[in-house]
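Read the structure below first, then the notes.
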Amino acid sequence: MDPMAELPEPSLYTVKAVFILDNDGHRLLAKYYDDSFPSTKEQTAFEKKVFDKTHKTDSDIAFLEGMTIVYKSSIDLFLYVVGSAQENELMLMAVLGCLFDSLSHMLRKNVEKRSLLENMDGTFLVLDEIVDGGVILESDSQQVVQKLNFRVDDNPLSEQSVSQFFKESPCLMAKVLLSSSVVGPAVSQRADQMVYS
């Protein structure tokens, strides 16, 4: 028998799932990239099994139900990356490391439940920059941070778009602020002139 016949076909689809659980095993974020667990009920049951097997151990890798699982804990969070049983653990660890480092930068080195929940929009952006449809796009956290334009000294992502709006459109901002019901119609007309002149 040919030993090469037993090897699985190479594929770019290396990540089956990424999820983040709190220290009680409850889901905070989860993205599944194939139909291994098609329903939410099956996904949460799998997450519970994974959490029960990993939350009290010091290792970084687990094998469960024909899956390779790499994980990392931080304060009150558990981050997991899931691949097939044949998947290279180093590739999965690179994804996990990139996710953790990118989140650490975005959350100002405060990777914990409250910060994560307050910045969930940024968390999904980070994940989408690293993995898309199960394909690893990026494993360098500096590239992810640069693409998403996170800066430690700037405002958080949710406030960044508002502050950019105010910087880029002072005349439009004046119109919005001055045309409110608090300001009289004469001031509102003057704001219109500022915007359209």
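Take 5 as the starting number for the sequence shown in this note's numbering and just add one per residue.
Note that the Cβ used here is the ideal one computed from N, Cα and C, for glycine as well.
Distance CB(residue i)-CB(residue j) smaller than 8 angstroms
| i | j | result |
| --- | --- | --- |
| I24 | L83 | yes |
| H109 | V54 | no |
| M71 | K20 | yes |
| V130 | L103 | yes |
| I79 | V115 | yes |
| G101 | H59 | no |
| D56 | K117 | no |
Delimiting residues of the alpha helix (DSSP H) encompassing residue i
| i | result |
| --- | --- |
| L32 | Looking at the DSSP string, L32 is not in any alpha helix (DSSP H); the run it does join, the beta strand (DSSP E), is 31–36. |
| L68 | Counting along the chain, L68 falls outside any alpha helix (DSSP H), though it belongs to the beta strand (DSSP E) covering 65–68. |
| H59 | From DSSP, H59 is part of no alpha helix (DSSP H); its letter is neither H nor E. |
| G101 | 93–110 |
Contact with chain B by residue i, beta-carbon distance below 8 angstroms
| i | result |
| --- | --- |
| K57 | Protein chain content of the structure displayed is limited to a single chain, and chain B is not contained in it. |
Whole-Å CB distance - residue i paired with residue j, under 8 angstroms assumed
| i | j | result |
| --- | --- | --- |
| V99 | S143 | 6 angstroms |
| L32 | L120 | 6 angstroms |
| G138 | Y37 | 3 angstroms |
| D64 | K76 | 7 angstroms |
Residue range of the unbroken beta strand (DSSP E) whose run includes residue i
| i | result |
| --- | --- |
| L25 | 21–26 |
For residue i, the three-state DSSP class (helix, strand or coil)
| i | result |
| --- | --- |
| S77 | strand |
| G126 | helix |
| P160 | For P160, the pLDDT reaches just 49, beneath the cut-off of 50, and the residue's location in the model is therefore unreliable, leaving the point undetermined. |
Chain-order list of residues whose beta-carbon lies under 8 angstroms from that of residue i (same chain, five-residue window excluded)
| i | result |
| --- | --- |
| A89 | F67, G70, M71, T72 |
Close Cβ partners of residue i (< 7 angstroms) along its chain, the five nearest in sequence each way excluded
| i | result |
| --- | --- |
| P160 | Residue confidence for P160 is low, a pLDDT of 49 falling below 50, so the modelled location carries little weight; the figure read from the coordinates is stated next. Excluding sequence neighbours, P160 sits near N123. |
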